[in-house]
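Student:
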Amino acid sequence: MFKKVSSLLVVIFSFSISNDLYASEGSQVVHTHPNPLMVIPFVLLLLMIATGPLFYHQFWERSYPKIAIALGLITVFYYLFGLNDSHSLIHTAHEYVSFIALLTSLFVATGGILIKVDRKATPMLNVIILLFGSVIANIIGTTGASMLLIRPYIKINKNRVKPYHIIFFIFSISNIGGALTPIGDPPLFLGFLRGVDFFWFFGHVWYAWLPTLLLLVSIFYFIDTRNKNGEDPDTEYSGKIEFKGLKSIWYLLIILVSVFIDPGIMSWVPSLAPLPIGIREIIMFSVAYLSYKTAEIDVLKANEFNFDPIKEVAYLFVGIFATMIPALQLISYEANVYGQQLNPGIFYWATGSLSAFLDNAPTFLNFLSASLGKYGYDVAVKTQVHDFSIAHPVYLQAISIAAVFFGAMTYIGNGPNFMVKSICERAGINMPSFFGYLIKYAIPILLPIFTIVWLVLYYGKV
266 MFKKVSSLLV
276 VIFSFSISND
286 LYASEGSQVV
296 HTHPNPLMVI
306 PFVLLLLMIA
316 TGPLFYHQFW
326 ERSYPKIAIA
336 LGLITVFYYL
346 FGLNDSHSLI
356 HTAHEYVSFI
366 ALLTSLFVAT
376 GGILIKVDRK
386 ATPMLNVIIL
396 LFGSVIANII
406 GTTGASMLLI
416 RPYIKINKNR
426 VKPYHIIFFI
436 FSISNIGGAL
446 TPIGDPPLFL
456 GFLRGVDFFW
466 FFGHVWYAWL
476 PTLLLLVSIF
486 YFIDTRNKNG
496 EDPDTEYSGK
506 IEFKGLKSIW
516 YLLIILVSVF
526 IDPGIMSWVP
536 SLAPLPIGIR
546 EIIMFSVAYL
556 SYKTAEIDVL
566 KANEFNFDPI
576 KEVAYLFVGI
586 FATMIPALQL
596 ISYEANVYGQ
606 QLNPGIFYWA
616 TGSLSAFLDN
626 APTFLNFLSA
636 SLGKYGYDVA
646 VKTQVHDFSI
656 AHPVYLQAIS
666 IAAVFFGAMT
676 YIGNGPNFMV
686 KSICERAGIN
696 MPSFFGYLIK
706 YAIPILLPIF
716 TIVWLVLYYG
726 KV
C-alpha cells in the first residue's frame, strides 16, 4: 500500500482550484501540465516559513511579505507567459479572496466579542473548552470557533499556559472538531457544493470523530494534570462567565449565511466572473469593516485586538496559494491516473499526507474526482456525486476524514492554525517552530491516532 502511496506522492506539492478542471458542469478544460520543477517555489517558501523564525528571525519578520509575493510571482509569470494559462490563475485568485474574506471577517467579528471566565484554570475546565469548541466548530466553522475561543482560553490559563495548551487547541477546535458538517471545514463545503447531502458527513463521520476527540482530550488531560503552575491558592473566583459585545454575534450570523450565497447553491445569485470576487466575499469584507467600526473600544482593548495576525496570514498565504498551483495540478493528474488502483486506505493516507502541507480543500476535490472515476462517475455532475456518496460511501468518508483531520499536522495545514499561532505569539506565548510543532507534537500524538482510525475503518478494505 505504501509503495502505491509513494508513487502517487512523487509530485507532492500542488494546487488546482476546485473548478480548475471544469469550466461548467460536464465540460472539461484541458491545460498543459506544468513542469515539475515549478514546485520549487512552493518548497522554498515552505522551508523559509519553517526555518525563518528560527534561524534568521529579524530578516524573516522584516522580509516575509516580499518573499511570499516574489515567489508567488514566479508561478504567476510562468502560467501567463510559459503556459499561456490565465484560467488557473483566475480560479486561484478567487479561492484566495474567498479564503481571506472568510478569515478576515471572522477574525474581526470575533475580536468584538469579549468572553470573561472567572474560574480557576483546571485540566477539566480546559477539556470542557476543547470539547465545546469542537462541537461549535460544526456550526460556526473551525475558523469561527478558533477566533472566538482562543483569547478567553489564553486568559483562563494565563498563569499556567504552555505551548501544548495551544497545540491541542489547534488539533481539536481548529481542525478535527469541524468534521461533521459542510460549515465545519472548507473541504466538506466543496463536497456539499458538488452534490453531497448536508447531513451525510455527520452520519458517516461521527463514529470516527467522537473517539478521536475523546482520545485526544484524554491525552491532553493527562499532560495538563502534570502542569503544576497555576494561580495563587488564595485567589478567589466568582465562577461567573461574562459576555460583552454580543451585537457582534449578529455579524457572525451574517457571515455564516453569506457562506451559502454562492451561484452553485442559489441560482439567482449573480456571478461576477471573471473578477476574483463574488457577492459572498463582498458581504464578508463589508461585515469586517462594519464590525470593526461598531465594536466597543474597551472590548477591542481587552482582547488586545490588532490586525497584525490577519496581515501575516494574508501575505504568507498569497504566496502559498500561488506557488501551489503547479503542484496540485500535477497531483490531480496523478490521482486520476492511479485512481483505479487505489483502495479506501490509500485514499485516506494520500489525501491526509497532502492535506498536512497543502490547502486541504483542493486536495479533497482532486481525490474525490479520482475516487469517482473508479466507478465511472463525474465530479462535475451533482447527481452522480450524490449517487456515489450513497453507493460507495467508504471512499468519500476516507477522503473527508483525512482532509479535515490531517490539516492539524502542520501550521499551514489549515487556515486557522497559522492564525491561532500568530495571535498566541503576539500574546507572549513561545510557540514551537514549524518543525518543532511537527516533530514534537503532531507526529508522536496525531499520527498514532490517525493510524488507529485507518486500522479500524480502512485496513483490508478494497
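Under our numbering, the first residue of the sequence shown is numbered 266, with each subsequent residue one higher. All residues carry an ideal CB built from backbone N, CA and C; glycine is no exception. Quick caveat: nothing in here was measured; it's all calculated off a predicted structure.
Near proline 681, what residues of its chain come up, given a Cβ to Cβ distance below 6 angstroms and the 5 sequence neighbours on each side ignored?
Tutor: Thr407, Thr408, Ser411, Ser439
Student: Using a Cβ distance threshold of 8 angstroms, determine whether the region 596-604 contacts the region 628-643, with at least three qualifying pairs required.
Tutor: yes
Student: For the alpha helix (DSSP H) holding glutamate 599, just list the boundary residues, first then last.
Tutor: 590-603
Student: Express the C-alpha separation of lysine 686 and proline 428 in angstroms, rounding to a whole number.
Tutor: 10 angstroms
Student: If leucine 445 sits next to tryptophan 474, beta carbons under 8 angstroms apart, how far is it from one beta carbon to the other, in whole angstroms?
Tutor: A Cβ-Cβ distance of about 6 angstroms is found for the pair leucine 445 and tryptophan 474, placing them in contact under the 8 angstroms criterion.
Student: At which residues does the alpha helix (DSSP H) containing phenylalanine 457 begin and terminate?
Tutor: 451-459
Student: What alpha helix (DSSP H) runs, 4 residues minimum, are completely inside the region 360-398?
Tutor: none
Student: Got a sec, what are the start and stop residues for the beta strand (DSSP E) isoleucine 506 sits in?
Tutor: 506-509
Student: Might you give, ordered along the chain, the residues of its own chain that have their beta carbon closer than 6 angstroms to the beta carbon of serine 351, omitting 5 neighbours on each side?
Tutor: Shown here for serine 351: not one same chain residue has a beta carbon closer than 6 angstroms to its own, the five before and five after excluded.
Student: Relative to the C-alpha of serine 437, which candidate in Ile562, Ser363, Asn403, Met303 has its C-alpha closest?
Tutor: Asn403
Student: Any idea what DSSP makes of arginine 491, helix, strand or coil?
Tutor: coil
Student: Using the Cβ count rule (16 or more neighbours within 10 Å means buried), how would you classify isoleucine 710?
Tutor: buried
Student: Could you check whether glycine 617 and phenylalanine 715 sit closer than 8 angstroms to each other, using their CB atoms as the reference points?
Tutor: yes
Student: Under 8 angstroms: do the region 376-396 and the region 415-431 share three or more Cβ pairs, one atom per stretch?
Tutor: yes
Student: Counting only the same chain and skipping the five closest in sequence on each side, list residues whose C-beta sits under 8 angstroms from that of glycine 504.
Tutor: Asp383, Arg384
Student: Looking only at its own chain, which residues have a Cβ that is under 6 angstroms from the Cβ of lysine 509, when we skip the five neighbours before and after it?
Tutor: Leu379, Val564
Student: Please check the pair asparagine 631 and isoleucine 596, which I expect to be a contact at CB under 8 angstroms, by giving their CB distance rounded to whole angstroms.
Tutor: With a beta-carbon spacing of about 6 angstroms, asparagine 631 and isoleucine 596 fall inside the 8 angstroms limit used to define contacts.
Student: Is the separation between the beta-carbon of valine 400 and that of glycine 468 shorter than 8 angstroms?
Tutor: no
Student: When every heavy atom of the ligand MN is checked, does at least one fall within less than 7 angstroms of the C-beta of serine 513?
Tutor: The model on display carries no ligand, and the ligand MN is accordingly not part of it.
Student: Please list, in chain order, all residues of the same chain as tyrosine 516 whose beta carbon is under 6 angstroms from its beta carbon, the five residues on each side excluded.
Tutor: Ala374, Val552, Ser556
Student: How far does the alpha helix (DSSP H) with asparagine 631 in it reach, from first residue to last?
Tutor: 625-639 is the extent of the alpha helix (DSSP H) around asparagine 631.
Student: So, do the region 472-491 and the region 362-373 have three or more beta carbon pairs nearer to each other than 8 angstroms?
Tutor: no
Student: For histidine 322, is the classification buried or exposed, using 16 other Cβ atoms within 10 angstroms of its Cβ as the cut-off for buried?
Tutor: Per the 10 Å Cβ criterion, exposed.
Student: Could you tell me the distance, in whole angstroms, from the CA atom of tyrosine 723 to the CA atom of phenylalanine 487?
Tutor: 29 angstroms
Student: Pop quiz: asparagine 494 and arginine 416 are said to be a contact at Cβ under 8 angstroms. What is the actual Cβ separation, rounded to whole angstroms?
Tutor: That pair is no contact at about 20 angstroms.
Student: Following the continuous alpha helix (DSSP H) through tryptophan 533, name the residue where it begins and the one where it ends.
Tutor: Careful: tryptophan 533 lies outside any alpha helix (DSSP H) and carries neither H nor E.
Student: Taking all protein chains shown into account, decide if serine 289 is buried (16 or more other Cβ within 10 angstroms of its Cβ) or exposed.
Tutor: For serine 289, the predicted structure reports a pLDDT of 34, less than 50, and the residue's modelled location is therefore unreliable. A value from the coordinates is still provided. Exposed is the call here.
Student: Can you give me the C-alpha to C-alpha distance between valine 534 and histidine 651, rounded to a whole angstrom?
Tutor: 23 angstroms
Student: Out of curiosity, what's the CA-to-CA distance linking threonine 588 and valine 522?
Tutor: 31 angstroms
Student: Leaving out five residues before and five after leucine 661 in sequence, what residues of the same chain have Cβ atoms less than 6 angstroms from its Cβ?
Tutor: Ser654
Student: Here's a check: name, in chain order, each residue in its chain whose Cβ is nearer than 7 angstroms to the Cβ of proline 306, leaving out the five neighbours to either side.
Tutor: Leu336, Ile339, Thr340, Thr588
Student: On the DSSP letters alone, give me the boundaries of the alpha helix (DSSP H) that methionine 696 sits inside.
Tutor: Element bounds for methionine 696: n/a, residue is neither H nor E.
Student: Assuming valine 564 is part of the alpha helix (DSSP H), what are its boundary residues?
Tutor: 562-567
Student: When you compare each of Val669, Ile405, Gly317, Ala656 to asparagine 625 by their alpha carbons, which one comes out closest?
Tutor: Val669
Student: Which two residues bound the contiguous alpha helix (DSSP H) that contains glycine 725?
Tutor: Element bounds for glycine 725: n/a, residue is neither H nor E.
Student: CB glycine 333 to CB tyrosine 702, shorter than 8 angstroms?
Tutor: Reading off the sequence, residue 333 comes out as alanine, not glycine. With contacts defined as CB atoms closer than 8 angstroms, alanine 333 and tyrosine 702 fail to qualify as a contacting pair.
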